[in-house]
Each structure stands twice: as structure tokens, then as C-alpha cells.
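Going from the sequence shown to the numbering used here is simple: count from 1 and add 11. Ideal placement from N, C-alpha and C gives every residue a C-beta, glycine not left out.
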Amino acid sequence: MKTTEHGIEDSRDVENMYHMRLMTLLQELVRERGYKGAARVLEIDQRTVAESAKTGRLSRRTREALERALQEGVGSAAARQRERNDKLEERVEALESEVEALGKEVRRRLSKVEGAVDALGRDDDVWAKTTGAGHAGAGHSRQGAAEGEDGAPEREGSPAPKASMQREYPELVTLEPADDDGEVFGEAWPLIAEWRELKESHPNEGKGLEWLAGRERLLEVELELLEGHGMTLPPEKQPLHGLDRSGQVSWRRKALFDARRARARSEIVTWVWRALTLRWWTLQ
12 MKTTEHGIED
22 SRDVENMYHM
32 RLMTLLQELV
42 RERGYKGAAR
52 VLEIDQRTVA
62 ESAKTGRLSR
72 RTREALERAL
82 QEGVGSAAAR
92 QRERNDKLEE
102 RVEALESEVE
112 ALGKEVRRRL
122 SKVEGAVDAL
132 GRDDDVWAKT
142 TGAGHAGAGH
152 SRQGAAEGED
162 GAPEREGSPA
172 PKASMQREYP
182 ELVTLEPADD
192 DGEVFGEAWP
202 LIAEWRELKE
212 SHPNEGKGLE
222 WLAGRERLLE
232 VELELLEGHG
242 MTLPPEKQPL
252 HGLDRSGQVS
262 WRRKALFDAR
272 RARARSEIVT
282 WVWRALTLRW
292 WTLQ
């Protein structure tokens, strides 16, 4: 658009473009249907159509007829737009069907995850009843009889860590490495080495699949050290027994339960997002 020196907007360019659009439609109708056919579509006299097409001048009646035809979607431009609209509608319908299918798959996977989580919870309940407060109290009262001369509890399964002249409590895990770690910790040494690496690399707080997987593994290692090897973890300064040990095991089992559930849900959300994104780009 142009503006005069008085600041009044000049709309002649717009008017010329609109006139060209009407003339294009008229010429298209004449080319495809002839003067008679164009006159029938526009509902005006055939001679009027011929004169407008030849001279490029539009009478008021012809202009109104062409404007009405534009509004009704007459012409190839309108046909192309309808075709685009139809294709877009087909894509939207396909995407909606895909979303519905993905929703069913998500519900199926969530149901599977919830089932696994419930099963894990039931296992925890069985474990708590077996090694919980009742048994812990009894074990605590028998602690003196169950411990050897060096004060370490006797355990079935993995042999207890070897005594060391430099270690007052060889079953106490330390963050700081020492030259005799392998000799002192015995079979627990590979797990302790992994635990140290996880503690150093895994932040206490975070989010995302990678962080959840790291937390899950850290808790698994700690539980194996506590239950499978009879170790005590920092920040404790002395070996734990009875109720104290049961408490350390219990909160880690609960945390592992939560971490596994959160990771499963996060994996499903990630999978759905990737599937929707891939489907959207496929429909483009």
C-alpha cells in the first residue's frame, strides 16, 4: 500500500489485486466452460460475460456474480484449497487414530508396570514379616550369643570380611580407598568398588531416565552389601545390628520400589512421545 502526503492510505493497489483475482476467475470459467457455461455458473447474461472477458472491465452485476462465485468456492484456487483441507482432515483423522492406539498401548503397559510394582510390594511385605521388627528384636536380644569374639555377627552365605590389624571394623564400608581393601572386604570388594563409583558420579537429586537408572543401581548395590555381605554403610561409624540394620534395609527397599516405578513410568512417557513425534513427521 501507498500513503499520500496527507497520510491517507491509498488502497488502489489492493483494489487492483482484487480486480485481478476476479478477472482470473472469469477467464478460467470462460476457458473451461465457454461464454455460455460461464454465464450459467455466474447466472448473468452471456454477452455480459463476453464483454467483461474481452475488455477487462467488470460491471457491477458481473463483479457481484464473481464475488459470489468466490465465496461459494468456484474455481481452481478454491478447489486446490478444498483438496488441501481434505488432506489435512485425513491426516488429523489418522493422527487421532494413532493417538487412540497409543493410548491403549500406554494403558496396557501401565497395567503391566502396576502389576510388577504390586508384586514387588508383596515381596517387600513378606520380607518385612520375615526379618522385620519381631525378628529384629529377637535377633537383637541374641546379639551377644550370635557374635564372635571380635564382635562381628555370624552370617550364613558369604563369608564375613577378614579381620585386619588396621581395621577395627572390617565390615564397615568406607568411601576412602585403602591398599588392603581387596584383602579386607573379600567377596564384597567388587560391589564396594562399584558402590564408590556410583556414590561419586550419581547426584543425590535429579530427574530423567539416566538419573533414575543410576539411583536404582545404587540402591541395588547397597541392599546387596547390607543383606548379602553383612556390611554397614556410611555415615555409620560402627557396624549395625538388629533394629538399626533392619531400618537401613527397609528404607532402601522402599526407595528401590519407588525408583523402579518412576523409571518404568518415565520410559513409557518417553516411548509415547517418540512414537507421536515419529507419527507426526510421517504424516507431513
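May I ask you to list the residues that DSSP assigns as paired with threonine 243? For the purposes of this step, residue 243 is taken as the residue at position 232 of the sequence shown. In DSSP, threonine 243 forms a bridge with Leu183.
Could you give the first and the last residue of the continuous alpha helix (DSSP H) run that contains leucine 69? Position 58 of the sequence shown, counting from 1, holds the residue named residue 69. Leucine 69 -> no alpha helix (DSSP H), and no H or E assigned at all.
Determine, using beta-carbon pairs with one atom in the stretch 229-240 and one in the stretch 202-217, whether at least three such pairs fall under 8 Å. Cβ pair count under 8 Å is three or more, so yes.
Glutamate 278 to arginine 285 span [Cα, whole Å]: Position 267 of the sequence shown, counted from the start, is the residue given in the question as residue 278. Position 274 of the sequence shown, counted from the start, is the residue given in the question as residue 285. Each residue's alpha carbon lies about 11 Å from the other.
Alpha carbon to alpha carbon, how far is threonine 35 from arginine 58? Give it in angstroms, no decimals. For the purposes of this step, residue 58 is taken as the residue at position 47 of the sequence shown. For the purposes of this step, residue 35 is taken as the residue at position 24 of the sequence shown. Between arginine 58 and threonine 35, the C-alpha separation is close to 18 Å.
Please report the distance separating the alpha-carbon of leucine 267 from that of glycine 258. On the sequence shown, residue 267 is found 256 positions in, with the first residue counted as 1. On the sequence shown, residue 258 is found 247 positions in, with the first residue counted as 1. Those two C-alpha atoms are separated by around 14 Å.
Sequence-distant residues of the same chain with beta carbon closer than 6 Å to valine 41, five excluded per side: Along the sequence shown, read from residue 1 onward, the residue named residue 41 stands at position 30. If we look at valine 41 and ignore the five residues flanking it on each side, its Cβ neighbours are Ala49 and Ala64.
Nearest neighbour of valine 260, chosen from Asp269, Ala273, Leu237 and Pro250 [CA to CA]: To locate residue 260, count along the sequence shown from 1; it is residue 249. With distances taken between Cα atoms, valine 260 lies closest to Leu237.
Measure the alpha-carbon distance for leucine 37 versus arginine 118 and round it to whole angstroms. Reading the sequence shown from its first residue, position 26 is the one you call residue 37. Reading the sequence shown from its first residue, position 107 is the one you call residue 118. So the alpha carbons of these two residues sit roughly 57 Å apart.
When DSSP labels each residue in this structure, what does aspartate 190 get in the three-state scheme? Reading the sequence shown from its first residue, position 179 is the one you call residue 190. Here aspartate 190 sits in coil by DSSP.
Residue from Lys265, Thr288, Arg226 and Tyr180 with nearest C-alpha to proline 245: By 1-based counting over the sequence shown, the position of residue 245 is 234. Among Lys265, Thr288, Arg226 and Tyr180, the Cα nearest to that of proline 245 is on Tyr180.
Beta-carbon proximity of glutamate 227 to arginine 271, cut-off 8 Å: Here the question's residue 227 lines up with position 216 in the sequence shown. Here the question's residue 271 lines up with position 260 in the sequence shown. Yes.
If you follow the alpha helix (DSSP H) that isoleucine 203 is part of, which residue opens it and which one closes it? What you label residue 203 is simply residue 192 of the sequence shown in a count that begins at 1. Per DSSP, isoleucine 203 belongs to the alpha helix (DSSP H) from 200-212.
State yes or no: is the C-beta of leucine 69 within less than 8 Å of the C-beta of leucine 113? For the purposes of this step, residue 69 is taken as the residue at position 58 of the sequence shown. For the purposes of this step, residue 113 is taken as the residue at position 102 of the sequence shown. Cβ distance not < 8 Å, so leucine 69 and leucine 113 don't count as in contact.
Rounded Cβ spacing between leucine 81 and leucine 53 (contact assumed at less than 8 Å): Here residue 81 refers to the residue found at position 70 of the sequence shown. Here residue 53 refers to the residue found at position 42 of the sequence shown. The beta-carbon separation of leucine 81 and leucine 53, rounded to 11 Å, does not stay under the 8 Å limit for a contact.
Backbone CA spacing between aspartate 56 and glycine 84 [nearest angstrom]: Residue mapping note: residue 56 aligns to position 45 of the sequence shown, counting from 1. Residue mapping note: residue 84 aligns to position 73 of the sequence shown, counting from 1. Computed Cα separation, rounded: 21 Å.
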